[in-house]
Amino acid sequence: MHSNTFEPDTDRFLADLHALRRIGAFRTGVHRPTYTPEDMESREWLMARMAKAGLVPEMDGIGNVLGRHPGPGPKLLAGSHIESQNEAGWLDGALGVVSALVLARAGLPVDVIAFADEEGHYGSFLGSRSFTGLLDEAEIDAQANRYHGKPLRDALREAGLAGRPRMVMEAGRYKGFVEMHIEQGTTLEAAGEQVGVVTGIVAIWQYRITIEGQQDHAGGTTMAERRDAGLAAVRLLAWLDAEFPKHCADRTVWTCGRIALSPGAASIIPGRAEVLFQFRDISVDVLERLDAVLRRGVAESNRRERCVATLEVMGQSAPAPCDAGWQDALAAAAEALAPGKWRRLPSGAGHDAQYMARVMPSAMLFVPSIGGISHHWSEDTKAEDLAMGMRVLAEGARRFLAG
Numbered sequence: 033m034h035s036n037t038f039e040p041d042t043d044r045f046l047a048d049l050h051a052l053r054r055i056g057a058f059r060t061g062v063h064r065p066t067y068t069p070e071d072m073e074s075r076e077w078l079m080a081r082m083a084k085a086g087l088v089p090e091m092d093g094i095g096n097v098l099g100r101h102p103g104p105g106p107k108l109l110a111g112s113h114i115e116s117q118n119e120a121g122w123l124d125g126a127l128g129v130v131s132a133l134v135l136a137r138a139g140l141p142v143d144v145i146a147f148a149d150e151e152g153h154y155g156s157f158l159g160s161r162s163f164t165g166l167l168d169e170a171e172i173d174a175q176a177n178r179y180h181g182k183p184l185r186d187a188l189r190e191a192g193l194a195g196r197p198r199m200v201m202e203a204g205r206y207k208g209f210v211e212m213h214i215e216q217g218t219t220l221e222a223a224g225e226q227v228g229v230v231t232g233i234v235a236i237w238q239y240r241i242t243i244e245g246q247q248d249h250a251g252g253t254t255m256a257e258r259r260d261a262g263l264a265a266v267r268l269l270a271w272l273d274a275e276f277p278k279h280c281a282d283r284t285v286w287t288c289g290r291i292a293l294s295p296g297a298a299s300i301i302p303g304r305a306e307v308l309f310q311f312r313d314i315s316v317d318v319l320e321r322l323d324a325v326l327r328r329g330v331a332e333s334n335r336r337e338r339c340v341a342t343l344e345v346m347g348q349s350a351p352a353p354c355d356a357g358w359q360d361a362l363a364a365a366a367e368a369l370a371p372g373k374w375r376r377l378p379s380g381a382g383h384d385a386q387y388m389a390r391v392m393p394s395a396m397l398f399v400p401s402i403g404g405i406s407h408h409w410s411e412d413t414k415a416e417d418l419a420m421g422m423r424v425l426a427e428g429a430r431r432f433l434a435g
């Protein structure tokens, strides 16, 4: 027990996390895809836990589960998601939901939420976008499962959610939102630290580069005659990889997630290449610099190559900075409970918090990921790091409410 700090029940917190991981257990992780029987069982499990904690639970027509605190005054909203990626880890999402439950149990005025389909089996952040009024019925009509194609409407009906209204956030109810999460990277672990106060969620700028050459015979066409779209794509990507470090920031990342060559046969010179390329950073200045470098790279390619490259913007999201007051409250809690064992850092992955940040002061708290592994069944975090994160979250939430 630390003097002048708020102590949650970390033993019960860990016990609840382990109880939840048994639903849809897969090796040491979980397999709870959105709207499957395992996912719906976990939602019912959560509603029962909410009721025992004195909250008033409700599940809506998109699968969001909200446990409302019955008392007066401004509330915190806390939570994450409860479904998982396929054959994935036991903490991603579940940590944020169970930690929120612990805050409510400890007597803080907290509503607990589990947003549906953060993992994107059927759409993009369906639950948090629905809760904040950004999901319309036409989009629900149009969405289908990305793995097996089942229409979202069919999945909702099979899960018993058809015809239920979708809840919308009550204006003026919340002072702020907080989401505890595993880092999904190695920064904290490598530094021997236990807690990360998140500065914001990075933007993702996504592009398609199409390169048009000339499909031809791999044996009969001389090297001087060729217009090889595949080699042009590789040379452009190598140029970008060499140039980006001159313009990026400490935590910038870039990825070529797909190179598709047409027609894609061993003895045919590819006449077309399609490249999916993205970069992520929290600074708009950095994003704009890299966008300019990418455009210069495509222009360079078109000057040097006998193939024509075109660049198409697929998406340019905005960074979601975390609230400064929240960050300060969590940082003060971290310094009180884990002095010298915490840092501020950005989130390189997307989270429901990025949508909540549009409508209220929002924050995230990270705990270390062993080996940085996530979205895999071997994902794990040390029990003492989970417990420390829970204590910092509770103390930070208390300070934010009092501020």
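In my numbering, each residue's number is its place in the sequence shown (first place is 1) plus 32. Note that beta-carbon positions come from the ideal geometry of N, C-alpha and C, so glycine has one too. All values reported here derive from a predicted model rather than from experimental measurement.
Own chain, CB closer than 7 Å to residue i, minus 5 neighbours either side, in chain order
i, result
"Ala381", "Gln216"
"Ala324", "none"
"Arg430", "Phe38, Leu140"
"Val345", "Tyr239"
"Leu78", "Val97, Ile114, Val129, Ala146"
"Val23", "The structure shown has nothing for residue 23, since the chain only spans 33 to 435."
"Leu158", "Ile94, Ala148, Asp149, Leu167"
"Trp271", "Gly329, Glu332"
"Phe432", "Gly208, Gly357, Trp358, Ala361"
Exposed unless 16 or more other CB atoms sit within 10 angstroms - verdict on residue i
i, result
"Asn463", "Since the first residue of the chain shown is 33 and the last is 435, residue 463 is not available in this structure."
"Gly125", "buried"
"Asp43", "exposed"
"Glu320", "exposed"
"Ala361", "buried"
"Gly428", "buried"
"Val307", "buried"
"Thr60", "exposed"
"Ser35", "Its pLDDT being 48, under 50, Ser35 is placed unreliably in this model, and the value from its coordinates should be taken loosely. Per the 10 Å Cβ criterion, exposed."
"Thr342", "exposed"
"Gly245", "buried"
"Val88", "exposed"
"Gly262", "buried"
"Ala274", "exposed"
"Ala264", "buried"
From the options, residue whose alpha carbon lies closest to that of residue i
i, options, result
"Arg178", "Glu225, Arg205, Ala366, Pro65", "Pro65"
"Val449", "Leu293, Ala235, Thr219", "This structure leaves residue 449 out entirely; the chain is present only between 33 and 435."
"Phe163", "Met388, Asp412, Thr231", "Met388"
"Asn334", "Arg390, Ile241, Val234, Arg100", "Ile241"
"Ile204", "Pro183, Pro393, Leu322", "Just to set this straight, residue 204 is Gly in the shown sequence, not Ile. Minimum Cα distance to Gly204 is reached at Pro393."
"Glu171", "Gln386, Arg185, Asp384", "Arg185"
"Ala256", "Glu169, Glu337, Asp41", "Glu337"
"Gly251", "Asp384, Ile405, Ser299, Ala331", "Ser299"
"Val142", "Cys354, Met82, Ser410", "Met82"
"Ser410", "Arg53, Cys354, Phe45", "Arg53"
"Pro302", "Thr253, Gln348, Trp271, Leu369", "Thr253"
"Gln359", "Arg375, Ala331, Ala341", "Arg375"
"Ala222", "Asp355, His407, Lys373", "Lys373"
"Gln348", "Ala364, Val316, Cys339", "Val316"
"Gln117", "Gly103, Ala80, Gly56", "Gly56"
"Ile243", "Arg283, Ser294, Pro40, Cys288", "Ser294"
"Glu367", "Gly421, Pro40, His407", "Gly421"
"Phe309", "Ala297, Ile291, Arg258", "Ile291"
"Pro197", "Glu169, Ala370, Cys288, Asp92", "Asp92"
Residue i, DSSP secondary structure in three states
i, result
"Leu193", "coil"
"Ala361", "helix"
"Trp286", "strand"
"Ser299", "coil"
"Gln386", "helix"
"Ala80", "helix"
"Phe157", "coil"
"Met199", "coil"
"Pro378", "strand"
"Glu151", "coil"
"Ser294", "strand"
"His279", "coil"
"Ile172", "helix"
"Val234", "coil"
"Met33", "At Met33, the pLDDT of 38 sits below 50, so the modelled position is not reliable; the number obtained from the coordinates is stated separately. Here Met33 sits in coil by DSSP."
"Glu211", "strand"
Neighbourhood of residue i by C-beta, 6 Å cutoff - its chain only, sequence neighbours within 5 removed
i, result
"Asp417", "Gln226, Val399, Pro400"
"Phe311", "Trp237, Trp286, Leu322"
"Asp248", "Ile301"
"Glu119", "Phe58, His63, Trp409"
"Asp412", "Ile402"
"Gly99", "Met82, Leu87, Pro89, Val144"
"Val424", "Val227, Ala365, Ala366, Leu369"
Test: residue i CB closer than 8 Å to a CB of chain C
i, result
"Ala385", "Checking the listed chains, one finds no chain C in this structure; it contains a single protein chain."
Same chain, Cβ closer than 8 Å to residue i, neighbours up to 5 away in sequence not counted
i, result
"Ala187", "Thr66, Tyr67, Tyr154, Asn177"
"Arg383", "At residue 383 the sequence reads His, which differs from the Arg that was named. Excluding sequence neighbours, His383 sits near Ser112, Glu150, Glu211, His213, Ile233, Met396."
Any non-hydrogen atom of the ligand ADP within 7 Å of residue i CB
i, result
"Ala120", "Here there are no bound small molecules, and the ligand ADP is not part of this structure."
Handout entry: At least 3 beta-carbon pairs within less than 8 Å: the stretch 168-185 vs the stretch 106-116
Key = Taking 8 Å as the limit for Cβ pairs, the verdict is that the stretch 106-116 does not touch the stretch 168-185.
Handout entry: Segment contact, 8 Å Cβ cut-off, at least three pairs: the stretch 56-73 with the stretch 188-198
Key = Verdict: yes, contact present.
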